[in-house]
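Number of protein chains: 2
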Amino acid sequence: MTGRVQRVDARANRERILDVAEDVFGTGGKAASTEEVARRAGVGIATVFRHFPTKAALVEAVLVRRFDRLRTRAETLLAAPGAGPAFYGFFTELVADAATKIAIGEALHDLAGDDGAGEAMAASLALRRTFGTLLQQAQRAGAVRDDAELPEVYALLVATSRAASQPHIDEDVRTRMLAIVFDGLAGKPQDGARPHGLRSSDRQTGRSGVQGVMIAGAPSAPDRRP
Amino acid sequence: MTGRVQRVDARANRERILDVAEDVFGTGGKAASTEEVARRAGVGIATVFRHFPTKAALVEAVLVRRFDRLRTRAETLLAAPGAGPAFYGFFTELVADAATKIAIGEALHDLAGDDGAGEAMAASLALRRTFGTLLQQAQRAGAVRDDAELPEVYALLVATSRAASQPHIDEDVRTRMLAIVFDGLAGKPQDGARPHGLRSSDRQTGRSGVQGVMIAGAPSAPDRRP
DNA sequence: TACGATGCGGAGTCTGGACTCCGAATATAT
DNA sequence: ATATATTCGGAGTCCAGACTCCGCATCGTA
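Chains Y and H, in that order, give the protein sequences.
With the first letter of the first sequence counted as 1, position 33 gets the number 33 in the working numbering; the numbers rise by one all the way through.
With the first letter of the second sequence counted as 1, position 84 gets the number 84 in the working numbering; the numbers rise by one all the way through.
Here it is in structure tokens:
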């Protein structure tokens with residue numbers, strides 16, 4: 001039962017289930033039912049559960065495959081000539097990819113933290129790490145401002161990926177959205193002139209959540225608690 | 001049964017349920033159970049369902065209230081002196097608000113489209129419209145580049161809101177993330193020098209998802225601009 | 001071709017969570 | 001204080017979807 005050779009039909013089924021699951025969860029999110037996957041894969045439910053002991057395991061397997069694929073792509077780009085285009089290109093590709101796969105966006109979002117301890121988590125972290133290298137190279141090449149750090153850049157990657165998965169965001173809007181973000185990333189790292197005065201106004205008004213702030217506009221009845 | 005006067009305790013309960021629900025769904029997302037809301041509100045489940053015929057209705061009521069509050073805040077800012085700070089300030093506030101309320105982020109995301117036809121949808125659209133006015137004013141004031149249009153800017157608002165709701169994104173990262181986006185928004189609308197060449201490289205390589213593009217390999221020349 | 005061993009299918013179980021029923025409790029008018 | 005409409009609570013129903021059982025089919029080898 002350790003290194004048993006799997007029957008070829010079994011392995012084929014496993015792959016088919018994985019493919020279908022990627023599509024099903026990609027369209028309907030994690031909420032899609034296992035039965036749906038089984039049906040579209042042309043197998044019985046039991047078969048799905050035989051290969052993947054639990055639904056979570058199935059989702060995880062899908063994600064790991066997907067993350068690994070993306071990471072591999074990122075690694076390839078690390079060796080590419082232009083560090084700037086490599087970075088921005090990967091960013092663009094990942095967002096475009098996520099645009100048609102809700103689940104990956106959800107997962108990127110959910111796994112961006114460091115809790116949860118599955119393989120998907122590990123794969124997600126590996127991707128993030130590689131992306132971080134891509135970022136550093138781009139910064140050394142002067143294509144990305146130096147003061148941008150991985151946490152916020154990765155957060156932006158996740159954010160835009162997730163947004164791109166909204167059905168009403170077409171390719172055009174997506175491109176324009178990225179253009180804005182990319183301008184911000186390339187931005188003026190040194191020059192002190194800040195046209196909009198974010199920092200300051202942020203400090204002033206946005207002391208914390210809206211709560212306090214909002215109250216200014218929506219008065220009375222703040223809150224009563226025994 | 002039409003204009004009947006509601007008993008005061010009933011109305012109080014309704015409000016309490018709404019408050020608690022905002023918190024519960026804000027923390028656990030829409031997935032949180034109705035029972036949880038009832039328990040924390042100190043009422044029976046039946047009471048919740050009496051006031052809100054279905055869970056969806058409860059969620060919707062919470063969202064409407066929230067969206068309305070935000071819209072009101074935006075309207076207040078419309079009359080503020082500086083259009084730029086008003087715009088960026090609102091953006092910041094909303095993101096900070098969403099940071100502690102997962103559900104609102106989810107909802108912004110889900111309702112950003114135009115399908116779905118409830119009150120929440122309407123409230124969401126109203127918010128978006130008001131935000132659009134805020135944007136226009138900021139553009140007239142020269143605080144936001146002219147070529148940025150509402151769809152992509154709103155998409156960014158939604159995207160960053162959602163990202164900010166991730167537990168591991170602290171206020172610091174959030175601020176830095178927004179700083180990048182804001183620089184992009186204020187950005188150089190006219191000047192042709194594009195440091196990273198997104199547009200072109202995107203057009204070249206980004207024909208669709210990762211799949212095909214990847215093969216093309218890294219875009220050779222960093223960037224060229226006539 | 002025969003014969004284990006490995007897989008398969010789908011009916012059936014179990015659980016969580018949305019929603020309902022109805023007697024008890026409470027608010028308000030007189 | 002009493003009457004009565006209104007509201008409450010929580011036990012109970014219903015259903016969807018994850019997961020299991022076990023007889024039947026298929027693969028791979030001799």
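Beta carbons are placed, not taken as given, at the ideal position from N, Cα and C, and that holds for glycine.
Problem set entry | Contact test: Y:Ala122 Cβ vs the ligand ATP heavy atom, cutoff 8 Å | This structure lacks the ligand ATP, and indeed carries no ligand of any kind.
For this session: Spatial neighbours of H:Glu93 within its chain, please: CB distance less than 8 Å, with the 5 preceding and 5 following residues excluded, ordered by chain position.
Result: Taking the second sequence and counting its residues from 1, the one referred to as residue 93 of chain H is at position 93. Cβ within range, chain order: Arg73.
Exercise. Can you list, in chain order, the residues of its chain whose CB lies under 6 Å from that of Y:His168, leaving out five sequence neighbours each side?
Worked result: Position 168 of the first sequence, counted from the first residue, corresponds to residue 168 of chain Y. Result list for Y:His168: empty, nothing under 6 Å.
Exercise. Is the Cβ-Cβ distance between H:Ala120 and H:Val59 less than 9 Å?
Worked result: Indexing the second sequence from 1 puts residue 120 of chain H at position 120. Indexing the second sequence from 1 puts residue 59 of chain H at position 59. Yes, they are a contact pair.
For this session: Would you mind giving the Cβ-Cβ distance between Y:Val48 and Y:Ala38, rounded to the nearest angstrom? I have them listed as a contact below 8 Å.
Result: The count along the first sequence starts at 1 and reaches residue 48 of chain Y at position 48. The count along the first sequence starts at 1 and reaches residue 38 of chain Y at position 38. Confirmed, about 5 Å.
Exercise. In chain H, which residues lie with their C-beta within 8 Å of the C-beta of Y:Gly187?
Worked result: Within the first sequence, residue 187 of chain Y is the residue found at index 187, counting from 1. Those within 8 Å of Y:Gly187 in chain H are Ile180, Asp183, Gly184 and Gly187.
For this session: Measure from the alpha carbon of H:Gly153 to the alpha carbon of each residue in Y:Thr76, Y:Arg16 and Y:Val173, then state which is nearest.
Result: The residue labelled residue 153 of chain H in the question sits at position 153 within the second sequence. A small correction: the amino acid at residue 153 of chain H is Val; Gly does not occupy that position in the sequence shown. Measuring from the Cα of H:Val153, the nearest candidate turns out to be Y:Val173.
Problem set entry | Three-way DSSP call (helix, strand, coil) for Y:Glu149 in this model | As a first step, residue 149 of chain Y is located in the first sequence; it is residue number 149 there, counting from the start. Three-state result, Y:Glu149: coil.
Exercise. Start and end of the alpha helix (DSSP H) containing H:Phe90?
Worked result: Taking the first residue of the second sequence as position 1, residue 90 of chain H is located at position 90. Per DSSP, H:Phe90 belongs to the alpha helix (DSSP H) from Ala83 to Ala99.
Problem set entry | Straight-line gap, H:Glu236 to Y:Arg50 (C-alpha atoms, nearest Å) | In this structure chain H extends from 1 to 226, so residue 236 of chain H is not present and cannot be described.
Exercise. Can you name the residues of chain Y whose CB is closer than 9 Å to the CB of H:Arg65?
Worked result: Translated into the one-based positions of the second sequence, residue 65 of chain H becomes position 65. What H:Arg65 touches in chain Y: nothing, since even the nearest Cβ is about 10 Å away.
Exercise. What number of angstroms, rounded off, separates the C-alpha of H:Asp240 from the C-alpha of H:Gly26?
Worked result: Any question about residue 240 of chain H goes unanswered here, given that chain H covers just 1 to 226.
Exercise. Is the shortest distance between the beta-carbon of Y:Thr160 and the beta-carbons of chain H less than 9 Å?
Worked result: In the first sequence, residue 160 of chain Y corresponds to position 160, counting from 1. Output row for Y:Thr160: interface = yes.
Problem set entry | Close beta carbons around H:Thr133, own chain, < 7 Å, minus the five adjacent residues each side | The residue you call residue 133 of chain H lines up with position 133 of the second sequence. Cβ neighbours of H:Thr133 beyond the five flanking positions: Leu78.
Exercise. DSSP on H:Asp172, reduced to helix/strand/coil?
Worked result: Along the second sequence, one-based indexing puts residue 172 of chain H at 172. Three-state result, H:Asp172: helix.
Exercise. Should Y:Arg162 be labelled buried (16 or more other beta-carbon atoms within 10 Å of its own) or exposed?
Worked result: The count along the first sequence starts at 1 and reaches residue 162 of chain Y at position 162. With 16 or more other Cβ atoms within 10 Å, it is buried.
Exercise. Any idea if H:Ala46 is buried or exposed, counting beta-carbon neighbours within 10 angstroms, 16 or more meaning buried?
Worked result: Here residue 46 of chain H refers to the residue found at position 46 when the second sequence is read from its first residue. Label assigned to H:Ala46: exposed.
For this session: Kindly list the residues whose CB is nearer than 6 Å to the CB of H:Val95, restricted to its own chain and excluding five residues on each side of it in sequence; keep chain order.
Result: By 1-based counting over the second sequence, the position of residue 95 of chain H is 95. Excluding sequence neighbours, H:Val95 sits near Thr160, Ser161 and Ala164.
Problem set entry | Supposed contact pair Y:Ala143 and Y:Phe90 - C-beta distance, whole angstroms, cut 8 Å | As a position in the first sequence, residue 90 of chain Y is number 90, starting the count at 1. As a position in the first sequence, residue 143 of chain Y is number 143, starting the count at 1. Between Y:Ala143 and Y:Phe90 the Cβ distance is about 12 Å, and since that is not below 8 Å, they are no contact.
For this session: Would you give the residue range spanned by the alpha helix (DSSP H) that Y:Val8 belongs to?
Result: Along the first sequence, one-based indexing puts residue 8 of chain Y at 8. Unbroken alpha helix (DSSP H) run through Y:Val8: Val8 to Gly28.
Exercise. In chain Y, what lies closer than 7 Å to H:Arg129 by C-beta?
Worked result: The residue labelled residue 129 of chain H in the question sits at position 129 within the second sequence. By Cβ distance, chain Y contributes nothing, its closest Cβ being about 16 Å from H:Arg129, past 7 Å.
For this session: Verify the CB distance criterion: does H:Ala148 have a CB-CB separation below 9 Å to chain Y?
Result: By 1-based counting over the second sequence, the position of residue 148 of chain H is 148. For H:Ala148, the answer is yes, since a Cβ of chain Y falls inside 9 Å of its Cβ.
Exercise. Assuming Y:Glu106 contacts Y:Gly29 under a Cβ cut-off of 8 Å, what Cβ separation, rounded to an integer in Å, is found between them?
Worked result: The residue you call residue 106 of chain Y lines up with position 106 of the first sequence. The residue you call residue 29 of chain Y lines up with position 29 of the first sequence. Their Cβ separation, rounded to whole angstroms, is 6 Å, which keeps Y:Glu106 and Y:Gly29 in contact under 8 Å.
For this session: Could you give the DSSP three-state label for H:Phe52: helix, strand or coil?
Result: As a working mapping, residue 52 of chain H is identified with position 52 in the second sequence. Looking at H:Phe52 - three-state DSSP - the assignment turns out to be coil, as it is neither helix nor strand.
Problem set entry | Cβ separation of H:Ile17 and Y:Leu185, assumed to be a contact under 8 Å, to the nearest whole Å | Residue 17 of chain H sits at position 17 when you count from the first residue of the second sequence. Residue 185 of chain Y sits at position 185 when you count from the first residue of the first sequence. Wrong, their Cβ atoms sit about 44 Å apart, outside the cutoff.
For this session: Out of H:Gln166, H:Lys55 and H:Pro151, point me to the one whose CA is closest to Y:Asp170's CA.
Result: Translated into positions along the first sequence, residue 170 of chain Y becomes position 170. Out of H:Gln166, H:Lys55 and H:Pro151, H:Pro151 has the C-alpha closest to the C-alpha of Y:Asp170.
Exercise. What is the rounded straight-line gap between the Cα of Y:Ala80 and the Cα of Y:Thr130?
Worked result: Here residue 80 of chain Y refers to the residue found at position 80 of the first sequence. Here residue 130 of chain Y refers to the residue found at position 130 of the first sequence. Each residue's alpha carbon lies about 14 Å from the other.
For this session: Report all residues from its chain with a CB closer than 6 Å to the CB of Y:Ala41; omit the five preceding and five following residues, and keep chain order.
Result: Numbered from its first residue, the first sequence carries residue 41 of chain Y at position 41. The residues are Arg16, Ile17 and Val20.
Problem set entry | Between the CA atoms of H:Leu125 and Y:Gly230 - distance to the nearest angstrom | An answer regarding residue 230 of chain Y cannot be provided, because it is not within the stretch 1 to 226 covered by chain Y.
Exercise. Once you ignore the five residues that flank H:Arg66 on each side, which residues in its own chain have a CB closer than 6 Å to its CB?
Worked result: Locating residue 66 of chain H in the second sequence gives position 66, counting from the first residue. Ile104, listed in sequence order.
Exercise. Is any beta-carbon of chain Y found at less than 9 Å from that of H:Pro151?
Worked result: Here residue 151 of chain H is taken as the residue at index 151 of the second sequence, counted from 1. Yes, H:Pro151 lies at the interface with chain Y (some Cβ there is under 9 Å from its Cβ).
Exercise. Helix or strand or just coil, what does DSSP make of H:Gly42?
Worked result: To locate residue 42 of chain H, count along the second sequence from 1; it is residue 42. Looking at H:Gly42 - three-state DSSP - the assignment turns out to be coil, as it is neither helix nor strand.
For this session: Indicate whether at least one CB of chain H lies closer than 9 Å to the CB of Y:Gln137.
Result: By 1-based counting over the first sequence, the position of residue 137 of chain Y is 137. Taking Cβ atoms only, chain H never reaches closer than 9 Å to Y:Gln137, which makes this a no.
Problem set entry | Exposure of H:Arg140, with buried meaning 16 or more beta-carbon neighbours within 10 Å | For the purposes of this step, residue 140 of chain H is identified with residue 140 of the second sequence, where counting begins at 1. By the neighbour-count rule (16 or more Cβ atoms within 10 Å), H:Arg140 is not buried but exposed.
Problem set entry | Neighbour list for Y:Ile17 in chain H, Cβ cutoff strictly below 9 Å | Walking along the first sequence from the start, residue 17 of chain Y turns up at place 17. The premise fails here: Y:Ile17 is roughly 20 Å from chain H at the closest Cβ pair, so nothing lies under 9 Å.
Problem set entry | Near-chain H residues of the stretch 29-42 of chain Y (beta-carbon distance less than 8 Å), N- to C-terminal order | none
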